[in-house]
Amino acid sequence: MKVRFGVGLGTSNVLGEPAAFATLVDKLEELRFDSLWISERATGPTLDPLTAIAFAAGRTRRLKFGTSVLVVPGRNPVLLAKELATVDALSGGRLLPAFGLGTPDPREHAAFGVSRGERAAWFEEAVPLMRRLWSEDHVTHEGPRFPVSDLSLWPKPVGRMEVWLGGRGPRELDRTGRLSQGWLGAFQSPSEAGRSREQIEAAAAKHGRTVDDDHFGTVLLYARSGALPPAVVERIARVSPGTPIGDVVPTGADGFTDLVRRYVSAGITKFVLVPVAKPESWAEELAWLSPLVRGFEET
120 MKVRFGVGLG TSNVLGEPAA FATLVDKLEE LRFDSLWISE RATGPTLDPL
170 TAIAFAAGRT RRLKFGTSVL VVPGRNPVLL AKELATVDAL SGGRLLPAFG
220 LGTPDPREHA AFGVSRGERA AWFEEAVPLM RRLWSEDHVT HEGPRFPVSD
270 LSLWPKPVGR MEVWLGGRGP RELDRTGRLS QGWLGAFQSP SEAGRSREQI
320 EAAAAKHGRT VDDDHFGTVL LYARSGALPP AVVERIARVS PGTPIGDVVP
370 TGADGFTDLV RRYVSAGITK FVLVPVAKPE SWAEELAWLS PLVRGFEET
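Counting from 1 along the sequence shown, just add 119 to a position and that's the residue number in the working numbering.
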């Protein structure tokens, strides 16, 4: 299995000046990181994922781009499918879409115009429809929300657009096994992530599917040194009660290397690295990370 590392902005590493984002993109390309991942928050100080990815794709030739994660409920799947396919086509097939239902924040639900109870049904109709639009020339769909008749989408993605899903609850893991080609977890220890992988594989098998061995990943917060911010500690305690903080957020080079090695042993091989604190210099941050990740990618 190939171990690959991308860098994510998360929801707190705000890049206020356009030049700062451009510098980050250029440095990721120069240091040959696998990918850049943009999180989505309609109500927070974050970049719009697809707009930012389109900007970054125009500056690069190799770097891939992911959404971690893009909220589907509240969006028209036909229009979203066209936007994603356009970005993928113009970037030469470098888009890595990961989808989710959205955050528990009620302000986000209001911004997207979808109640918490509506999200799952919206999602489960939209995702299969988008995949058909990317792969078929004439699509007819009689679903309750998005009926279409003999619809053709252009441009098509480069190759097969592989959709990954996020989430960690039983329903989310079952949905991943039924609908997706990969999984991007978060805030789980290696053993917990390994069990999530097993649940996804069982759900896929139940529906006559398989998920590629190489298509299991996690968002990994990390700190270069020092104590973790209280907000991070509180968040981990809330979403992963009883799990040692060092099993979820590594500190220092040794802690980082050890935890990544444990994830890989559990079958988790794709990583979206997010610093817990906004770096004073992204160039210095990436220079610190680069030799750590190379050791895994070259084995």
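The beta-carbon is built from N, C-alpha and C at its ideal position, and this holds for glycine as well.
Computed from a prediction, not measured in an experiment: that's the story for all the values here.
Reducing DSSP to helix, strand and coil, say where residue i ends up.
i	result
D293	helix
T370	strand
S400	coil
I157	strand
P394	strand
T186	strand
W302	strand
F140	helix
A342	strand
A95	The structure shown does not extend to residue 95, since the chain is modelled only from 120 to 418, so the question has no answer here.
F152	coil
Starting from the C-beta of residue i, find all residues in its chain whose C-beta is less than 7 angstroms away, skip the five residues before and the five after it, and write them out in chain order.
i	result
V368	L340, Y341, A342, L347, V351, I355, V395
G365	G374
K201	L272
Y382	P309, A312, T337
R226	T162
E399	none
To the nearest angstrom, how far is the alpha carbon of residue i from that of residue j?
i	j	result
G153	F124	The amino acid at residue 153 is misidentified as Gly; the sequence shows Asp. Rounded to whole angstroms, D153 to F124 spans 6 angstroms at the Cα level.
S210	G288	33 angstroms
K397	V126	13 angstroms
K389	D333	8 angstroms
V258	A402	46 angstroms
E237	F218	16 angstroms
F140	V358	30 angstroms
S409	P360	31 angstroms
P247	L155	25 angstroms
F415	V122	6 angstroms
V206	L214	7 angstroms
E255	F335	27 angstroms
F407	R181	Looking at the sequence shown, residue 407 is not Phe but Trp. Near 21 angstroms, if we compare the C-alpha coordinates of R181 and W407.
L392	G296	24 angstroms
K275	L166	25 angstroms
G129	I172	14 angstroms
A208	G386	31 angstroms
A176	D331	26 angstroms
T370	L252	44 angstroms
Does the beta-carbon of residue i have 16 or more other beta-carbons within 10 angstroms, so that it is buried, or is it exposed?
i	result
S315	buried
S268	exposed
P192	buried
P196	buried
L143	buried
R294	buried
T419	The displayed coordinates of the chain run from 120 to 418. Any statement about residue 419 would go beyond what the structure contains.
S299	buried
S158	buried
K325	exposed
M249	buried
S187	buried
P168	buried
Return the Cβ separation of residue i and residue j in integer angstroms, given the expectation that the two are a contact with Cβ distance under 8 angstroms.
i	j	result
F375	L411	6 angstroms
E148	T179	5 angstroms
W283	G301	4 angstroms
P216	L203	6 angstroms
Please return the same chain residues whose Cβ sits closer than 6 angstroms to the Cβ of residue i, not counting the five positions on each side in sequence.
i	result
L292	S315, Q318, I319
G212	V277, G278
A245	V191, P196
L270	V258
Which residues in the same chain have their Cβ closer than 8 angstroms to the Cβ of residue i, if we skip the five residues on either side of it in sequence?
i	result
F231	A161, V190, P192, G193, R194, G221
F265	N195, P196, V197, E244, A245, L248
Would the beta-carbon of residue i be found less than 6 angstroms away from any heavy atom of the ligand SAH?
i	result
R287	Summarising the ligand content, the structure contains no ligands, and the ligand SAH is consequently not present.
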